[in-house]
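If you're matching positions, the sequence shown starts at 965 in this note's numbering and goes up one per residue.
Note that CB positions come from ideal geometry on N, CA and C, so glycine has one too.
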Amino acid sequence: MPMNFDAIIIGTGFGGTIATTKLAAKGKKVMMLERGTFWVTPEKLGQPPAGAKKPIPVWAKEQNPPMPVQYWPRPNHREGLLDFFASIRGPLNNDGLYQYSMFKQADILTASGVGGGSLIYSNVTLRPQAEVLLGIGLNLGDAEYQTAYKWMEDFRGKLNRVVTKIPLPGRDVSNLTDDDYLYLDRARALRDAAKISSQKLGIQMPWEPLDLSLVEYDPDRGAASDAAKNHTFCERQGRCILGCLPAARHTLNKTLYGKLLSDPTKGVSLSPLSEVRDIKQIAGGYEVRYRDHRDGNTKTLSAPMVFLAGGTLGTTEILLRSRDRGGLKLTAKLGTHFSTNGDFGAFCVGTTKPVYTTRGPINTSGVHAKFDGLHIHVEDAGIPEMLAAVTSTTIGVLDNFAQREALKAKMKFAFLSMALPDLRAFLPSLPDTYDPTSFQTEAEMMANIFFFNAMGQDDASGKFTLDNDNLKLDWDKKIGETPIFGKIETLLQSLSESMGGRYVPFPFWKGLGNKKLTVTHPLGGCPIAPTSFDGVVDELGRVFDGNKPAGSTDVYPGLYVVDGSAIPGALAINPTLTIAAQALKSINAALP
């Protein structure tokens, strides 16, 4: 049977983009299917045509059919919230960027757009502890991570440490002994607090600037500088997750356009707003069925090779549906080993010294600790200015028991009865509008509020299932009582005390919820394992053939999982580099 393409890539995040670059280099004809649309910063990737009602970059307009394009939210103040809410993906907004999936014990934030998670992640590019990798059975070492670093720099750009208020070319920013004041205030606050808490808790807690995948000003490199090439660099605007207006981030939409889509000879096609439903094995390959949201039709394509890179939720859902509809026979472990990566957010309110959370990239520095045998990683986190007002108000309410309980009651009644005016009537009883603090700028609102972004080793015990064709996630216990979260709270409470402030957990953990997690680094669902008895894919990302006896190592030829769903447990650190390393390991084995 003739095939439409040599390979079909489902998803355009790190795994999908890596697979596409490798396949294109081998001269393969590739189709990328992406459920989201193309997101661009208005100032970059082409200027809008003169007089256009809906500005479309020239390169997008020249595609056949024209590439659908969305622009990032822009205002750097509270009015930008309207733009932000317009960018949330839902049943009536298929081209929204932010996907907020709500489950019983955890909510998960992911991206939906060309470039996948790179569009909204914090640029952090770190390698996990070897002990953590060994503990989850992930066989990645120096060679695999060096390959990943090289791909990152070749196809995206140089990694930089952006932890100072201004660029300091040629300086070692991990130790600015004589220029300590040049550190971003929140980075310095975390460093100093870690020193104090390390002594109090009796554990090592080294502080380091983070390796970030973004452009820093570097005149010493001349024409070789990323800043010189792009005429841009990080301006410390603190809005990485909302769209970098200077376009200083190495997001994958740029990689796909600049390295592949702009050159027709590469043989790469991209179909945005194309949501894959399921996969069926056919003679010589696979048939992929998807809904084209541009015209509302369901379509099919075929290829001898298929690479699933739709993210932890997307890939797992596609394979669950493929199994249930008889397209693929898969192992009993499908949907298991879901990990929150120990994601945990919290605040320190009322720091002794200002931390100015709205300034700098979203994450700038971090500390790593091994606490009672479990690895924990804590980063300073930024709050974009457009979210400052709602964040400071919410924290003020959560920090006041009477207001918190009243707000919970009003919200419950409002949402149950749809009596939204009733909720609005309650808002004036929030912080007094005659208080001078009501006239603060967004930066001042967050001046003494530190935001912790923590990760740790959970037990990867979540399980995905389909219920009436809808993805469900649950645990056979209360996930909030998993030991790692208690240890993270102990650590963050100590750091808060060391900063001179009060510890306030994330709203849905305590205040508006009862130990409900908010997850930004979901992993697992299609776990790597030695045999089909223990997992869904082998260490090369090849999908086990469920037609074979349990414990077999037989795989479906040409069917790969190359995203975070294959990671079988928590990494206790930002997972981007590990996902890239595993994807490269898979694709390099598939294309010897």
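- In this structure residue 1297 is buried. Its beta-carbon is surrounded by 16 or more other beta-carbon atoms within 10 angstroms.
- If the five residues before and after residue 1498 are omitted, its C-beta is found closer than 7 Å to the C-beta atoms of 1297, all from its own chain and listed in chain order.
- The DSSP-derived three-state label of residue 1171 is strand.
- Residue 1333 sits in a strand when the DSSP states are folded into three classes.
- Within the same chain, 1490, 1492, 1507, 1508, 1525, 1530 come within 7 Å of residue 1501 by CB-CB distance, once the 5 residues on both sides are set aside.
- With a cutoff of 8 Å on beta-carbon distance, residue 1119 and residue 1263 are scored as not near each other.
- In the DSSP secondary-structure assignment, residue 1001 is bridged to 1077.
- When the Cα atoms are used, residue 1210 and residue 1522 turn out to be separated by approximately 40 Å.
- With respect to residue 1330, residue 1342 sits close: the two C-beta atoms are nearer than 8 Å.
- Considering only 1292, 1496, 985, 1052, the residue with the shortest C-alpha distance to residue 1246 is 1292.
- Check the Cα spacing between residue 1322 and each of 1314, 1357, 1414: the tightest is with 1414.
- Nearest to residue 1284 by alpha-carbon distance, out of 1432, 1551, 1255, 1536, is 1432.
- Taking residue 1172 as reference, the option from 1182, 1256, 1300, 1137 with the minimal CA-CA separation is 1137.
- Between residue 1072 and residue 1486, the C-beta gap is smaller than 8 Å, which places the two residues in contact.
- One Cα belongs to residue 1444, the other to residue 1427, and the distance between them is close to 15 Å.
- The beta carbon of residue 1306 sits closer than 8 Å to those of 1340, 1418, 1419, 1420, 1421, 1422, 1448, 1449, 1452, 1534, 1536, all from its chain and outside the five residues before and after it, given in chain order.
- Leaving aside the five residues that flank residue 1355 on each side, the residues in its chain whose CB is nearer than 6 Å to its CB run, in chain order, 1347.
- Taking C-beta separations shorter than 6 Å and ignoring five residues to either side along the sequence, residue 1474 has no partners in its chain.
- With respect to the C-alpha of residue 995, the residue from 967, 1003, 1004 having the closest C-alpha is 967.
- Pairing residue 1273 with residue 977 gives a Cβ-Cβ distance under 8 Å.
- For residue 1436, the closest alpha carbon among the candidates 1556, 1277, 1353 is that of 1277.
- Residue 1203 counts as buried, since at least 16 other C-beta atoms from the protein chains shown sit within 10 angstroms of its C-beta.
- In this structure, the CA atom of residue 1538 is about 18 Å from the CA atom of residue 1154.
- In this structure, residue 1543 lies away from residue 1270, with their beta-carbon atoms at least 8 Å apart.
- For residue 1089 against residue 1541, the beta-carbon gap comes to about 5 Å, under 8 Å, which counts as contact.
- Annotated three-state conformation of residue 1043 is coil, per DSSP.
- As summarised for the segment 1255-1317, the continuous alpha helix (DSSP H) elements at least 4 residues long and confined to that stretch are 1275-1288, given in chain order.
- Rounded to whole angstroms, the gap between the alpha carbons of residue 1236 and residue 1080 is 12 Å.
- For residue 1117, the secondary structure class from DSSP, reduced to helix, strand or coil, is helix.
- Under DSSP, the beta-bridge partners assigned to residue 1415 are 1311, 1345.
- Counting every other CB atom within 10 Å of its CB across the protein chains shown gives residue 1201 a total of 16 or more, marking it as buried.
- Of 1469, 1352, 984, the smallest CA-CA separation from residue 1308 is found for 1469.
- Between residue 1257 and residue 1532, the gap from beta carbon to beta carbon reaches 8 Å or more.
- Excluding five sequence positions before and after residue 1255, the CB atoms of its chain that fall closer than 7 Å to its own CB belong to 1239, 1241, 1262, given in chain order.
- A contact is defined here as three or more CB-CB pairs under 8 Å, and the segment 1172-1181 meets this definition with respect to the segment 1113-1131.
- Residue 1230 counts as buried, since at least 16 other C-beta atoms from the protein chains shown sit within 10 angstroms of its C-beta.
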